[in-house]
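First the structure, in the form of structure tokens, and then the observations on it.
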Amino acid sequence: MRIIFLPLQPLDERYTGMWYDIIPKAFRDRGHEVVVVDGEVLEREIVKGSFLDVYGALYWELTQLEKFVKMAQRGEIERDDVIFLSDIEFPGLAIATKFISRLSGIGFKAVGWLHAGSYVKGDFSTLLEDYQKWLEVGWLSGFDKIFVASNYHKRILFERRLVPMGAEDLIDKVVVTGNPWSVEWAYKIAEIDSWRDVPDFGRDIDVIISQRPDPDKGVIRSLAIVLKLVGYYGVNVVFTTGRKDYVGYVKWIADGVKGFSKIVPDKVNFLTDVSKRDYYRLLMRSRVMLSNAIEENFGYCIVEALAFGCAPVVPNRCSYPEVLFGDERFIFDDEDGAVDKVISWIVDRKCGVKEMVEISKRHEENLKRVVREVEKLES
Numbered sequence: 017m018r019i020i021f022l023p024l025q026p027l028d029e030r031y032t033g034m035w036y037d038i039i040p041k042a043f044r045d046r047g048h049e050v051v052v053v054d055g056e057v058l059e060r061e062i063v064k065g066s067f068l069d070v071y072g073a074l075y076w077e078l079t080q081l082e083k084f085v086k087m088a089q090r091g092e093i094e095r096d097d098v099i100f101l102s103d104i105e106f107p108g109l110a111i112a113t114k115f116i117s118r119l120s121g122i123g124f125k126a127v128g129w130l131h132a133g134s135y136v137k138g139d140f141s142t143l144l145e146d147y148q149k150w151l152e153v154g155w156l157s158g159f160d161k162i163f164v165a166s167n168y169h170k171r172i173l174f175e176r177r178l179v180p181m182g183a184e185d186l187i188d189k190v191v192v193t194g195n196p197w198s199v200e201w202a203y204k205i206a207e208i209d210s211w212r213d214v215p216d217f218g219r220d221i222d223v224i225i226s227q228r229p230d231p232d233k234g235v236i237r238s239l240a241i242v243l244k245l246v247g248y249y250g251v252n253v254v255f256t257t258g259r260k261d262y263v264g265y266v267k268w269i270a271d272g273v274k275g276f277s278k279i280v281p282d283k284v285n286f287l288t289d290v291s292k293r294d295y296y297r298l299l300m301r302s303r304v305m306l307s308n309a310i311e312e313n314f315g316y317c318i319v320e321a322l323a324f325g326c327a328p329v330v331p332n333r334c335s336y337p338e339v340l341f342g343d344e345r346f347i348f349d350d351e352d353g354a355v356d357k358v359i360s361w362i363v364d365r366k367c368g369v370k371e372m373v374e375i376s377k378r379h380e381e382n383l384k385r386v387v388r389e390v391e392k393l394e395s
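Just so we're aligned, residue 17 is where the sequence shown starts under our numbering, counting upward by one.
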């Protein structure tokens with residue numbers, strides 16, 4: 017079986033660089049040929065948008081589509097091939113793959129990742145819901161398998177999109193695998209050799225908050241918790257982002273965080289333009305990573321924090337408990353519970369680096385599940 021892999025544009029600020037490396041490798045390690053169809057780069061930074069740069073992402077995927085069409089025209093795609101899209105949410109690319117498959121008579125299989133959708137509260141695609149809801153049903157109808165990161169995501173996809181659209185039967189195509197993850201890849205980026213290079217003690221940052229300032233990520237909600245942590249307990253907090261600046265609807269959120277940090281500059285810091293390497297090294301200096309998103313379908317911030325011995329403190333909702341395998345040491349129920357949980361970790365680490373890394377490594381099985389699911393299409 018040959019995999020024709022169409023990756024998301026690998027960006028330093030996001031997990032897409034990791035996917036670009038480890039997904040093809042996972043299939044090659046199982047003896048499968050992999051052809052990677054890259055796009056062309058218009059913009060290497062997120063300039064317009066928040067999750068992706070609007071223009072850069074479209075240009076990358078449109079140029080991928082051009083290359084894919086030419087491959088099909090030249091007869092380089094065969095019936096036994098599996099087309100693997102790392103993001104089916106770009107409508108032109110997703111629709112064109114099935115268009116070519118059926119009308120050309122090639123009949124290849126197609127699978128892809130559904131990261132989120134217009135049914136996810138606060139997601140950028142909610143702006144497109146009036147027409148994208150039809151596309152979301154179309155993707156599930158046309159593709160052979162759709163991968164999602166959590167049971168939570170599968171449930172809200174079913175309840176908020178498929179049931180209202182009368183397409184409940186399509187849920188059988190949705191496979192929960194978890195998102196691809198590699199601790200080894202993260203250590204390579206951080207320029208360390210193993211978990212033994214991660215310190216258990218001597219950490220000088222009490223709390224780190226890394227999620228982008230989008231409505232669904234709940235950064236403003238986290239400020240209420242931070243106020244209590246700083247005001248009552250005197251902890252220090254660092255907000256980080258890989259972005260240099262913000263425009264549009266997320267700018268006011270970023271400005272709010274910046275303004276807050278200026279009020280208590282000795283306790284709250286807002287770091288911008290933080291590289292992935294530098295973020296990982298900040299995690300090695302941090303005791304607690306706080307995440308408080310309104311919606312979260314996986315949460316890379318959790319597995320990253322664990323890999324670097326930083327305790328993730330997260331709410332008991334969305335996919336958070338699932339990603340942490342129900343470990344209550346990291347989970348809070350309300351705002352006061354969040355404060356108590358953070359302080360308890362600062363005062364007394366409930367487990368060491370080795371155990372946290374072991375929890376993070378459990379998610380390395382996720383990509384193996386994906387490979388096995390794709391291999392089932394071979395029979």
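Ideal placement from N, C-alpha and C gives every residue a C-beta, glycine not left out. Note that the structure is predicted; figures quoted are calculated from it, not measured.
Environment of residue i [buried if 16+ CB atoms lie within 10 Å]
i: Gly-108; result: exposed
i: Ile-279; result: exposed
i: Trp-150; result: exposed
i: Asn-167; result: exposed
i: Pro-215; result: exposed
i: Lys-260; result: exposed
i: Gly-325; result: buried
i: Asp-45; result: exposed
i: Ile-392; result: Correcting the residue identity first, residue 392 is Lys in this sequence and not Ile. By the neighbour-count rule (16 or more Cβ atoms within 10 Å), Lys-392 is not buried but exposed.
i: Ala-354; result: buried
i: Asp-282; result: exposed
i: Asp-97; result: buried
i: Tyr-248; result: exposed
i: Val-358; result: buried
i: Val-363; result: exposed
i: Tyr-71; result: exposed
i: Glu-29; result: buried
i: Lys-233; result: buried
i: Ser-117; result: buried
i: Val-339; result: buried
Where residue i falls: helix, strand or coil (DSSP)
i: Arg-303; result: strand
i: Asn-308; result: coil
i: Phe-43; result: helix
i: Val-127; result: strand
i: Asn-313; result: coil
i: Phe-174; result: helix
i: Ala-327; result: strand
i: Leu-151; result: helix
i: Leu-58; result: coil
i: Pro-337; result: helix
i: Val-136; result: coil
i: Ser-291; result: coil
i: Glu-29; result: coil
i: Lys-377; result: helix
i: Leu-143; result: helix
i: Lys-384; result: helix
i: Lys-357; result: helix
i: Asp-364; result: coil
i: Val-390; result: helix
i: Gly-72; result: helix
i: Gly-275; result: helix
i: Val-179; result: coil
i: Leu-24; result: coil
i: Asp-343; result: coil
Beta-carbon gap between residue i and residue j smaller than 8 Å
i: Ile-20; j: Pro-196; result: no
i: Leu-22; j: Gln-80; result: yes
i: Val-373; j: Val-127; result: no
i: Leu-322; j: Pro-331; result: no
i: Ile-205; j: Val-254; result: no
i: Ser-141; j: Gly-154; result: no
i: Ser-376; j: Cys-317; result: no
i: Asp-222; j: Arg-333; result: no
i: Leu-306; j: Ser-238; result: yes
i: Ile-472; j: Leu-130; result: As displayed, the chain neither begins before 17 nor continues past 395, which places residue 472 out of reach and without an answer.
i: Val-284; j: Val-235; result: no
i: Phe-124; j: Ile-99; result: yes
i: Glu-312; j: Ser-291; result: no
i: Met-34; j: Ser-198; result: yes
i: Val-164; j: Val-190; result: yes
i: Phe-84; j: Val-50; result: no
i: Ile-187; j: Phe-174; result: yes
Beta bridge counterpart(s) of residue i as assigned by DSSP
i: Arg-18; result: Glu-49
i: Asn-332; result: Answer by DSSP bridge pairing: none, since Asn-332 is not bridged.
i: Ile-162; result: Gly-128, Val-190
i: Val-284; result: Val-253
i: Phe-348; result: Pro-331
CB contact below 8 Å: residue i versus chain C
i: Asn-195; result: Judged by its chain identifiers, the structure shown contains no chain C, having just a single protein chain.
Taking only runs of the beta strand (DSSP E) that begin and end inside the region 188 to 269, which ones reach a length of at least 3 residues, in chain order?
190 to 192, 221 to 225, 253 to 256
Which runs of the beta strand (DSSP E) spanning at least 3 residues fall entirely within the region 81 to 121, listed in chain order?
98 to 101
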